[in-house]
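Trainee: Going by the working numbering, the sequence shown opens with residue 2, and the numbers climb by one from there.
Note that the Cβ used here is the ideal one computed from N, Cα and C, for glycine as well.
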Amino acid sequence: MRKIIFVLLISVFYNTFAQTDLYKIHFYQSFDDNTPGPYLRSEWKEDWKPTWSHSDPREENWNSYGQLKIVAEGENKFFRREVKAGEISTGEKKGCNWYIDIDDVDEMYYSFKVRFPENLFTQNKHFEGKINGMYNPYSDKPVGTKPDPNTGFTTFMMFQNTKDFKNIEIFLYISYQEMRCNACAGDYPLAFCPDEYKLYYGNWRPVNFLFDPDKWYTITQRLVMNDPFQSNGIIEIFINNELIASYDDYRFRDTDSLKIEYLLVTSFFGGGPPVASEVDTYFDFDDFMAFTYKVGANVPRGTKKSTVEGSLSFR
Numbered sequence: 002m003r004k005i006i007f008v009l010l011i012s013v014f015y016n017t018f019a020q021t022d023l024y025k026i027h028f029y030q031s032f033d034d035n036t037p038g039p040y041l042r043s044e045w046k047e048d049w050k051p052t053w054s055h056s057d058p059r060e061e062n063w064n065s066y067g068q069l070k071i072v073a074e075g076e077n078k079f080f081r082r083e084v085k086a087g088e089i090s091t092g093e094k095k096g097c098n099w100y101i102d103i104d105d106v107d108e109m110y111y112s113f114k115v116r117f118p119e120n121l122f123t124q125n126k127h128f129e130g131k132i133n134g135m136y137n138p139y140s141d142k143p144v145g146t147k148p149d150p151n152t153g154f155t156t157f158m159m160f161q162n163t164k165d166f167k168n169i170e171i172f173l174y175i176s177y178q179e180m181r182c183n184a185c186a187g188d189y190p191l192a193f194c195p196d197e198y199k200l201y202y203g204n205w206r207p208v209n210f211l212f213d214p215d216k217w218y219t220i221t222q223r224l225v226m227n228d229p230f231q232s233n234g235i236i237e238i239f240i241n242n243e244l245i246a247s248y249d250d251y252r253f254r255d256t257d258s259l260k261i262e263y264l265l266v267t268s269f270f271g272g273g274p275p276v277a278s279e280v281d282t283y284f285d286f287d288d289f290m291a292f293t294y295k296v297g298a299n300v301p302r303g304t305k306k307s308t309v310e311g312s313l314s315f316r
């Protein structure tokens, strides 16, 4: 069975799991028991049990820049990923890029809390990058190109500042079976296509939500695999428990043996140097959770979309 990484960039109502009859928790990680300061390799491995990582190429390089930290703020502890000015990508010694194995499923909710600092809202240049989502290292093609049949897909989320530099927004960055661009070759990376094609033929799909500085937000992504050969796969984004974006036109697979099997945890600036931060900055994360609803919970199932009036039910 092919492996698929369900990322989400990046939460759910970690406050209580009292009614576990509503949902099954496939993964949960807060940082309440961690040691404040540099993120210890022993704690990191115990927290995530990662299957693969760019962050840990060799033991002696673990967190050598000190960019992965556990921060205490009042009674809460959370995970901070620090980024140097001009830094891009997640290569060796740059931290924060790993995935973890979960149960093989056709539908999953992946949730986390994120906070963007004030100095990302005061820069006078464009920046962008990736945060948690879903990813499968399909064949030997680079991320962003069209995957070979039944080899995988990506459902990353990306962030960028708005054109007036005053806010941060996120959008979906997706690779799937029917992605194409009428402006160029069929499986050319859509990130390089004109804006009018990005929204309608693949990679980039809007979420239409603006983030404020220094405020915690809960982002939850619902992913539903399509029926084989049908373009009815679903990606939905909830922010603070409310449905913000919903798409139901994806063909990720032509066989039901292709499942959601991994969560990806990542945060970095890139593409390339022009979209890096101009100052030292950071991302704060907390309360990572992957879950599915049990039989009896009043939620949409399979290829049925959520309603605008509805909200996620955790209690």
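Check whether the Cβ atoms of F253 and F154 sit closer than 8 Å, and answer yes or no.
Mentor: yes
Trainee: In chain order, what residues of the same chain lie with their CB nearer than 6 Å to the CB of P229, ignoring the 5 residues before and after it?
Mentor: D255, T256, D257
Trainee: Helix, strand or coil, according to DSSP, for W49 in the structure here?
Mentor: helix
Trainee: Less than 8 Å separating the beta-carbons of F28 and A291?
Mentor: For F28 and A291, yes; Cβs fall inside 8 Å.
Trainee: Could you work out which residue in I261, S268, N151, M226 is closest to Y251 when comparing CA atoms only?
Mentor: Among I261, S268, N151, M226, the Cα nearest to that of Y251 belongs to M226.
Trainee: Anyone know if the C-beta pair for Y283 and L23 falls short of 8 Å?
Mentor: no
Trainee: Return the CA-CA distance between N320 and N125, expressed in angstroms with no decimal places.
Mentor: Residue coverage of the chain in this structure runs from 2 to 316, which leaves residue 320 outside it and unanswerable.
Trainee: Determine which residues share a DSSP beta bridge with E170 and list them.
Mentor: Q161, L211
Trainee: Buried or exposed for E262, going by 16 or more other Cβ atoms inside 10 Å?
Mentor: buried
Trainee: Count Cβ pairs between the stretch 35-45 and the stretch 234-251 that sit closer than 8 Å; are there 3 or more?
Mentor: Because the criterion of three Cβ pairs below 8 Å is not met, the stretch 35-45 and the stretch 234-251 do not touch.
Trainee: Applying the 10 Å Cβ sphere with the 16-neighbour rule, what's the burial state of Q68?
Mentor: buried
Trainee: Would you mind reading off the limits of the beta strand (DSSP E) that contains E243?
Mentor: 243-251
Trainee: If we ignore side chains and look at the alpha-carbon of each, how far apart do A166 and T123 end up?
Mentor: It should be noted that the sequence gives Phe, not Ala, for residue 166. Cα to Cα, the separation comes out at about 7 Å.
Trainee: When the Cα atoms are used, what is the spatial distance from K114 to D285?
Mentor: 8 Å
Trainee: Where does R302 fall in DSSP's three states?
Mentor: coil
Trainee: Run the CB neighbour count on R223, radius 10 Å, all protein chains shown included, and call it buried at 16 or more, exposed below.
Mentor: buried
Trainee: Within its chain, find whatever has a CB closer than 6 Å to the CB of Y201; leave out the 5 residues flanking it on each side and keep chain order.
Mentor: Note that Y201 has pLDDT 41, beneath the 50 cutoff, so the model's placement of it is unreliable and no number is given.
Trainee: Quick one: using the 10 Å Cβ neighbour count with 16 as the cut-off for buried, is D213 buried or exposed?
Mentor: exposed
Trainee: Please name the residue in D288, M109, I238, V276 whose C-alpha comes closest to that of R302.
Mentor: M109
Trainee: Would you kindly check if the distance between the Cβ of S268 and the Cβ of R82 is under 8 Å?
Mentor: For R82 and S268, yes; Cβs fall inside 8 Å.
Trainee: How would you label T308, buried or exposed, when you count the other beta carbons within 10 angstroms and need 16 or more for buried?
Mentor: exposed
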